[in-house]
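Following: one structure in structure tokens, then a few remarks.
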Amino acid sequence: MKHFLASALLLTCVAVSSFAQSNNVINNDTFWRTKTGAFIYSQGGGIFRFPDAQGKEHYYWYGVKYQEAVDYCPKALGGSNSNNTHFLSVTCYRSDDLVNWTFVRDVLTSSSAGWAYWVGRLGVAYVEEAKKYALLVQFNDNVGVFTCNTPYGSYTKHNQIDMTSMIGTPNTGDQTVFTDPDTGKSYLCYSYGKGRSRIYLSEIGVCADGKIGLKDCHEIYKGSGREGDCMFKYKNKYYVCASDLYGWNASNVYYLEASSIYGPYTPTNSMQKMPGADADYGHVTQTGFFYTVRGSEEETVIYCGDRWAGFAGNGNGFNQWCPITFVGGKPYFNSLSQWHLDATTGRWWVGKDNNYVKNFSFDADRVNIPSANKPSQAYLRGWTTSVKRGNNVVIGGADSPVLNARNTKEDRATVMGNFCLNITDKIDFRRQVSQVIKSTTDVPLPDGSYILSCYVKNSAAFSELYMYAKVGPDTMRIDLPKAVSAWTKVELNDVAITGGQVEVGFFADGAANAWCRIDDVSLVRKGDSADTDAISLPSSHDGAATYYTLDGTPLSHPRKGVNIVRKTSGGKTKTYKLIK
Numbered sequence: 141m142k143h144f145l146a147s148a149l150l151l152t153c154v155a156v157s158s159f160a161q162s163n164n165v166i167n168n169d170t171f172w173r174t175k176t177g178a179f180i181y182s183q184g185g186g187i188f189r190f191p192d193a194q195g196k197e198h199y200y201w202y203g204v205k206y207q208e209a210v211d212y213c214p215k216a217l218g219g220s221n222s223n224n225t226h227f228l229s230v231t232c233y234r235s236d237d238l239v240n241w242t243f244v245r246d247v248l249t250s251s252s253a254g255w256a257y258w259v260g261r262l263g264v265a266y267v268e269e270a271k272k273y274a275l276l277v278q279f280n281d282n283v284g285v286f287t288c289n290t291p292y293g294s295y296t297k298h299n300q301i302d303m304t305s306m307i308g309t310p311n312t313g314d315q316t317v318f319t320d321p322d323t324g325k326s327y328l329c330y331s332y333g334k335g336r337s338r339i340y341l342s343e344i345g346v347c348a349d350g351k352i353g354l355k356d357c358h359e360i361y362k363g364s365g366r367e368g369d370c371m372f373k374y375k376n377k378y379y380v381c382a383s384d385l386y387g388w389n390a391s392n393v394y395y396l397e398a399s400s401i402y403g404p405y406t407p408t409n410s411m412q413k414m415p416g417a418d419a420d421y422g423h424v425t426q427t428g429f430f431y432t433v434r435g436s437e438e439e440t441v442i443y444c445g446d447r448w449a450g451f452a453g454n455g456n457g458f459n460q461w462c463p464i465t466f467v468g469g470k471p472y473f474n475s476l477s478q479w480h481l482d483a484t485t486g487r488w489w490v491g492k493d494n495n496y497v498k499n500f501s502f503d504a505d506r507v508n509i510p511s512a513n514k515p516s517q518a519y520l521r522g523w524t525t526s527v528k529r530g531n532n533v534v535i536g537g538a539d540s541p542v543l544n545a546r547n548t549k550e551d552r553a554t555v556m557g558n559f560c561l562n563i564t565d566k567i568d569f570r571r572q573v574s575q576v577i578k579s580t581t582d583v584p585l586p587d588g589s590y591i592l593s594c595y596v597k598n599s600a601a602f603s604e605l606y607m608y609a610k611v612g613p614d615t616m617r618i619d620l621p622k623a624v625s626a627w628t629k630v631e632l633n634d635v636a637i638t639g640g641q642v643e644v645g646f647f648a649d650g651a652a653n654a655w656c657r658i659d660d661v662s663l664v665r666k667g668d669s670a671d672t673d674a675i676s677l678p679s680s681h682d683g684a685a686t687y688y689t690l691d692g693t694p695l696s697h698p699r700k701g702v703n704i705v706r707k708t709s710g711g712k713t714k715t716y717k718l719i720k
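Here it is, written out as structure tokens:
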């Protein structure tokens with residue numbers, strides 16, 4: 141006979157949040173902190189698994205700390221808008237779960253590295269022949285090699301590689317270090333130094349001169365210019381990825397695939413755009429690096445994107461990590477603002493506070509839209525603009541409306557990033573801006589109640605101005621305030637979503653030169669009062685987590701949607717909701 145609790149359990153969202161924050165939640169669009177609360181500064185690097193002095197393996201995360209990032213964080217009032225960089229150090233952080241990080245030390249500093257006008261794009265490899273850890277980094281116009289006896293000690297100058305004899309330029313365009321989890325061999329993945337029209341792979345090891353360097357050179361791609369070169373391995377296949385040549389800004393995520401490390405990579409010399417990433421340019425990032433978690437239950441690839449906000453000013457947070465899944469055998473980018481990762485099992489699931497709106501801060505679009513170059517584009521990423529009356533949106537059109545506007549330093553004290561939505565015209569106009577959000581293979585849009593919100597400021601002279609959510613034939617709407625000079629938050633509560641799809645957007649009917657600016661659009665699931673009613677669950681459990689439906693029916697494992705989880709540890713039982 142089962143023994144049930146004498147008093148029912150009330151499951152609250154607060155309990156979920158408290159548990160998640162202390163365990164395995166990844167929150168994008170924020171400035172990450174260590175376990176002690178210090179800001180994390182790590183860009184253009186990589187994560188590697190190495191043993192400590194006692195032989196216990198940990199995750200070590202290396203990256204560059206720039207003065208521009210320190211100046212930007214946490215107020216995010218504007219990037220440097222400069223190609224001048226001020227290198228402070230290569231940082232090293234350690235973790236056992238890939239979510240909670242501890243600062244170890246600066247393994248390379250501006251003083252220990254020596255004079256340099258550019259230090260960036262790096263990774264660490266363990267070189268068995270030398271019994272050394274080697275840090276390979278772009279160093280001025282060459283590839284610098286710094287070594288250490290431990291993964292977390294002070295690295296010293298060992299070698300400086302002029303790449304001219306290998307690829308024709310002294311420098312690499314961009315680069316990362318990839319370690320094959322099956323062979324233990326490490327490789328430098330890099331592009332041609334000028335125009336970045338070629339991508340190469342070289343094994344890292346001891347060369348004929350006795351120094352640690354690049355043992356070979358294999359060209360695996362020749363075509364349009366690409367940078368942000370990086371790679372991962374999944375289910376015995378290799379994937380090389382890269383970005384557009386957009387400088388510090390976000391761009392498309394491209395990939396090639398192969399069955400062996402040196403290829404051939406296909407499609408031959410034609411990198412493909414990764415599905416799921418185009419709506420917000422990889423969650424407003426440039427390709428940084430990947431890490432593949434081989435858990436006890438699942439193998440999960442983590443996309444670790446660089447948001448170079450200290451330079452580009454394109455939003456909050458320097459590191460945006462998202463899970464990669466495979467649909468029809470091809471990689472698919474899941475753009476999430478919040479998700480959970482269990483590094484032991486390899487499982488991941490969507491966070492309860494995830495914002496389902498893509499390009500919600502309008503910062504994926506790095507320039508005013510419409511744009512004739514980089515990109516040639518007449519729409520905002522992730523959004524559809526419908527002109528009902530007024531001037532049409534035309535690239536190069538003298539009377540074309542500009543779909544986005546730049547935020548000032550004063551604006552950024554309230555809203556995020558460089559850009560916001562801009563609804564205006566030189567003549568009387570009616571315009572609708574919308575986005576359809578729907579369930580995908582691995583990110584369901586669960587049935588439930590949601591809050592749709594945004595920040596707005598505008599002029600007078602609107603006969604209609606509202607935000608709406610449409611589910612099937614039903615539309616909910618809320619009027620936006622008119623003639624407000626300061627950013628004002630507006631919320632449409634209790635948006636009932638069913639069937640895994642909703643259209644959200646804005647409608648404006650305004651006179652000539654009336655204007656409305658909108659930013660930080662959010663669609664977040666509410667705590668479901670119907671789902672958190674008191675229920676009875678078994679009172680005796682072992683140390684493993686047990687799962688239940690909302691009516692208390694036991695489950696063998698979490699299902700898609702809302703689950704009840706119970707876990708006993710140290711004599712204390714935690715009960716919380718998990719949304720998968």
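Each number in the working numbering comes from the position in the sequence shown (counting from 1) with 140 added on.
We treat Cβ as the ideally placed atom computed from N, Cα and C, and that holds for glycine.
Leaving aside the five residues before and after residue i along the sequence, list all residues of the same chain whose C-beta is less than 8 angstroms from its C-beta, in chain order.
| i | result |
| --- | --- |
| Leu632 | Ile591, Leu592, Ser593, Met607, Tyr608, Ala609, Met616, Arg617, Ile618 |
| Tyr386 | Gln426, Arg506, Lys514 |
| Trp655 | Asn562, Ile563, Thr564, Asn598, Ser599 |
Using a Cβ-Cβ cut-off of 7 angstroms (strictly less than) and excluding sequence neighbours within five positions of residue i, which residues of its own chain qualify?
| i | result |
| --- | --- |
| Asn544 | Phe502, Asp505, Asn508, Ile509, Leu520, Phe559, Cys560, Leu561, Asn562 |
| Asp614 | none |
| Glu291 | Before going further, note that residue 291 is Pro rather than Glu in the sequence given. Closer than 7 angstroms at the Cβ level, and outside the excluded window around Pro291, lie Phe190, Tyr200, Val264, Tyr273. |
| Glu437 | Thr485, Gly486, Arg487 |
Which class does residue i belong to by DSSP, given the choice of helix, strand or coil?
| i | result |
| --- | --- |
| Ile339 | strand |
| Val154 | Its pLDDT being 35, under 50, Val154 is placed unreliably by the model, and the measurement read from it follows with that caveat. Helix at Val154. |
| Asp649 | strand |
| His133 | No information on residue 133 is available, as it lies outside the stretch 141 to 720 that the chain covers here. |
| Ile307 | helix |
| Ser625 | strand |
| His749 | For the chain, the structure presents residues 141 to 720; residue 749 sits outside this window and is missing. |
| His480 | strand |
| Glu208 | helix |
| Arg173 | strand |
| Asp505 | coil |
| Val542 | coil |
| Gly403 | coil |
| Tyr519 | coil |
| Ser599 | coil |
| Ser676 | Low per-residue confidence applies at Ser676: pLDDT is 41, beneath 50, and the placement is therefore not dependable, though the value from the model is reported in the following sentence. Ser676: coil per DSSP, three-state reduction. |
| Ser251 | helix |
| Tyr386 | coil |
With a cut-off of 8 angstroms on the beta carbons, I'd call residue i and residue j a contact; round off their distance for me.
| i | j | result |
| --- | --- | --- |
| Asn598 | Val624 | 6 angstroms |
| Met414 | Tyr394 | 7 angstroms |
| Val527 | Arg571 | 6 angstroms |
| Val380 | Tyr405 | 6 angstroms |
| Asn168 | Trp461 | 7 angstroms |
| Gly645 | Ser579 | Not confirmed; about 19 angstroms, so no contact. |
| Lys334 | Gly345 | At roughly 27 angstroms, the Cβ-Cβ gap does not stay under 8 angstroms, so Lys334 and Gly345 are not in contact. |
Skipping 5 residues on each side, what residues in its chain have a beta carbon closer than 6 angstroms to that of residue i?
| i | result |
| --- | --- |
| Val247 | Val230, Cys232, Tyr295 |
| Val611 | Ile637, Val642 |
| Ile339 | Ser331, Ile360, Tyr361, Asp369 |
| Gly130 | Beyond the ends of the chain as shown, which are 141 and 720, falls residue 130; an answer cannot be given. |
| Glu268 | none |
Applying the 10 Å Cβ sphere with the 16-neighbour rule, what's the burial state of residue i?
| i | result |
| --- | --- |
| Pro541 | buried |
| Ile442 | buried |
| Pro621 | exposed |
| Asn367 | Residue identity differs from the one stated: residue 367 is Glu in this sequence, not Asn. Buried: at least 16 other Cβ atoms inside 10 Å. |
| Trp388 | buried |
| Asp634 | exposed |
| Asn224 | exposed |
| Thr440 | buried |
| Tyr257 | exposed |
| Asp659 | buried |
| Trp479 | buried |
| Trp172 | buried |
| Val210 | exposed |
| Lys196 | exposed |
Any beta carbon from chain B within less than 7 angstroms of residue i's own beta carbon?
| i | result |
| --- | --- |
| Tyr181 | Absence of chain B from the displayed structure is noted, only one protein chain being present. |
query: Any chance the region 304-323 sits against the region 277-295, with 3 or more Cβ pairs inside 8 angstroms?
result: Flag = yes, the region 304-323 and the region 277-295 touch.
message: I want to know whether the region 284-304 touches the region 266-276 - three or more CB-CB distances under 8 angstroms.
response: Flag = yes, the region 284-304 and the region 266-276 touch.
task: Check whether the region 458-478 touches the region 337-357, taking contact to mean three or more Cβ pairs, one atom from each stretch, closer than 8 angstroms.
output: Contact fails: fewer than three Cβ-Cβ distances are below 8 angstroms.
query: Between the region 531-541 and the region 565-580, do three or more beta carbon pairs fall short of 8 angstroms?
result: Flag = yes, the region 531-541 and the region 565-580 touch.
- prompt: Between the region 446-455 and the region 487-500, are three or more C-beta pairs nearer than 8 angstroms?
  reply: Contact between the region 446-455 and the region 487-500 is absent, because fewer than three Cβ pairs lie under 8 angstroms.
message: Under 8 angstroms: do the region 252-268 and the region 183-191 share three or more Cβ pairs, one atom per stretch?
response: With contact defined as three or more Cβ pairs closer than 8 angstroms, the region 252-268 and the region 183-191 are in contact.
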